[in-house]
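For the sequence shown, position 46 (counting from the first letter as 1) is numbered 46 according to UniProt numbering, and the numbering increases by one without interruption.
Where a beta carbon is used, it is the ideal one built from N, C-alpha and C, also for glycine.
Since we're looking at a predicted model, the values are computed, not measured.
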Amino acid sequence: MVLVRNLQQWKSLAKEAVDQTMLVAKFFCLLHVTDKYVISSILVQGPSMYPTLNHTGDVILVEKISTKLGKVGPGDIVIVRAPDNPRKTITKRVLGMEGDCVSFLVDPAHSECTKSIVVPKGHVWVQGDNVYASVDSRYFGPVPYALVQGKVMCRSTRFPLLDLTLFSAGCADLILVVATECTTARIFI
């Protein structure tokens with residue numbers, strides 16, 4: 001009789017352990033799906049987006065749905081899978097969409113020489129806000145739209161989110177002019 005009672009207690013305890021384990025597993029699955037496909041946070045490193053984003057310490061919130069829906073446009077800050085190293089993601093600003101003509105300073109630190117390029121179909125032109133310290137489309141060319149991983153929604157300069165800055169396409173501190181003909185369009189940074 002004691003053995004049957006102990007067996008029932010162990011069975012009840014085992015069922016509770018399995019139920020709790022399943023609950024934790026479901027939570028982590030939901031967390032993974034949310035982080036991978038909906039929204040995630042990323043710690044900024046590097047000077048390429050300075051002064052919009054600080055070299056280190058800024059945490060950005062990236063939503064990933066608008067890239068899947070094609071809702072990314074000029075002025076948006078995006079996370080892009082680096083074309084030269086697929087294991088690395090970079091944060092840049094979209095300056096041109098397919099069909100746009102983009103003019104840019106080839107080497108802003110050493111010359112005023114500009115070059116113009118028409119962004120091919122299915123690609124975007126991305127550049128860092130700090131043109132003197134950014135490896136971007138000026139070096140690796142237009143980026144396939146499929147490499148755009150998400151759009152930056154907001155940033156916090158401290159953690160937890162004490163100083164929050166929201167981003168939208170209209171908040172760029174740039175002079176941005178984009179047209180469909182190369183002779184009339186220029187983007188100066």
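- Taking all protein chains shown into account, Ile-65 has fewer than 16 neighbouring C-beta atoms within 10 Å of its C-beta and is therefore exposed.
- Note on Phe-28: under 16 other CB atoms within 10 angstroms of its CB, so exposed under the neighbour-count rule.
- By the Cβ neighbour-count rule, Arg-5 is exposed, with fewer than 16 other Cβ atoms within 10 Å of its own.
- In the DSSP assignment, no residue is bridged to Lys-26.
- Its chain contains Thr-157 as the residues whose beta carbon lies nearer than 7 Å to that of Gly-57, once the 5 sequence neighbours on both sides are disregarded; these appear in chain order.
- Pairing Lys-92 with Asp-136 gives a Cβ-Cβ distance under 8 Å.
- Straight across, the Cα-Cα distance linking Arg-138 with Phe-104 is about 8 Å.
- Phe-140 sits close to Asp-84, with the two beta carbons spaced by under 8 Å.
- Within its own chain, the residues whose Cβ lies closer than 8 Å to the Cβ of Val-38, once the five positions on either side in sequence are excluded, are Glu-63, Lys-64 and Ile-65, listed in chain order.
- For Met-153 and Pro-142, the gap between their C-alpha atoms comes out near 23 Å.
- If you draw a straight line from the Cα of Trp-10 to the Cα of Asp-19, it comes to about 14 Å.
- Relative to the Cα of Val-102, the nearest Cα in the group Val-124, Lys-15 and Thr-89 belongs to Val-124.
- By the Cβ-count criterion, Gln-45 is exposed, with fewer than 16 other Cβ atoms from all chains shown falling within 10 Å of its own Cβ.
- For the set Tyr-132, Tyr-145 and Met-22, the Cα lying nearest the Cα of Ser-48 is the one of Tyr-132.
- The beta carbons of Ile-79 and Ile-117 sit no closer together than 8 Å.
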